[in-house]
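Q: Anchor point for the sequence shown: position 10 equals 75 in this note's numbering, and the numbering is continuous, going up by one each time. Please see the structure below; I have some questions.
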Amino acid sequence: MSSGRGGGLVCVEDTEPIVLRVGGLVEPADAPRLCAELTALLDGAAPGAPAVVDADALVRPGLAAVEALARLRLTAHRLGHPLTVRNAPPDLRALLALLGLADRLLSPPGAPGGRTAGTSASRPGTT
66 MSSGRGGGLV CVEDTEPIVL RVGGLVEPAD APRLCAELTA LLDGAAPGAP AVVDADALVR
126 PGLAAVEALA RLRLTAHRLG HPLTVRNAPP DLRALLALLG LADRLLSPPG APGGRTAGTS
186 ASRPGTT
């Protein structure tokens, strides 16, 4: 007997991340401008669409860059979007780890757009 349900395809919409590219030397005065840029990018985005900061072009990241990234994450969260940082240079990764922010901000290695590859868990290896 059949269950009466059709055997159609199930469509799942995969939302592309909204990407903010941050480069150069980040100064303390840059954080409000970067937050305004992120807010403009997220305006009209699908609810919950992931936001990603591409930090590949950062130069000599220091505490001002860390503060800006933390404020960007808070801005995205207030607007209902998760935010991760990808392509962080090694010195930024080390600084974020030292300050206890790596787990909050950095994309897992190899994860596209800040998503955990191959699992629905927030961290690889967990359920």
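Heads up, the beta-carbon is just placed ideally off N, CA and C, and yes, glycines get one too. Being a predicted model, the structure only gives us computed values, none of them experimental.
In the DSSP assignment, find the unbroken alpha helix (DSSP H) run with E133 in it and report its ends.
A: Mapped onto the sequence shown, residue 133 falls at position 68. The question names Glu, but residue 133 is Ala in the sequence shown. That run of the alpha helix (DSSP H) goes 128 to 143.
Q: To the nearest angstrom, how far is it from the Cα of L164 to the Cα of L134?
A: The residue labelled residue 164 in the question sits at position 99 within the sequence shown. The residue labelled residue 134 in the question sits at position 69 within the sequence shown. Between L164 and L134, the C-alpha separation is close to 13 Å.
Q: Can you check which of these residues, D95, L137, H146, V124, is closest to A153 by C-alpha distance?
A: Taking the first residue of the sequence shown as position 1, residue 153 is located at position 88. Cα-wise, what sits closest to A153 is V124.
Q: Could you round the C-beta distance between T149 and L103 to whole angstroms and report it? I think they count as a contact, below 8 Å.
A: Looking up residue 149 in the sequence shown gives position 84. Looking up residue 103 in the sequence shown gives position 38. Not really, about 13 Å apart at Cβ, beyond 8 Å.
Q: Please report the straight-line C-alpha distance between D121 and H146, rounded to a whole angstrom.
A: For the purposes of this step, residue 121 is taken as residue 56 along the sequence shown, with counting starting at 1. For the purposes of this step, residue 146 is taken as residue 81 along the sequence shown, with counting starting at 1. Approximately 21 Å, taken between the alpha carbons.
Q: Return the residue from the list I83, A159, V117 that minimises the CA-CA distance to G127.
A: The residue you call residue 127 lines up with position 62 of the sequence shown. Among I83, A159, V117, the Cα nearest to that of G127 is on A159.
Q: What residues match up with V150 in a beta bridge as DSSP calls it?
A: Along the sequence shown, read from residue 1 onward, the residue named residue 150 stands at position 85. Beta-bridge pairing links V150 to V118, L171.
Q: According to DSSP, is R125 part of a helix, a strand, or is it coil?
A: Residue mapping note: residue 125 aligns to position 60 of the sequence shown, counting from 1. Three-state DSSP puts R125 in coil, outside helix and strand.
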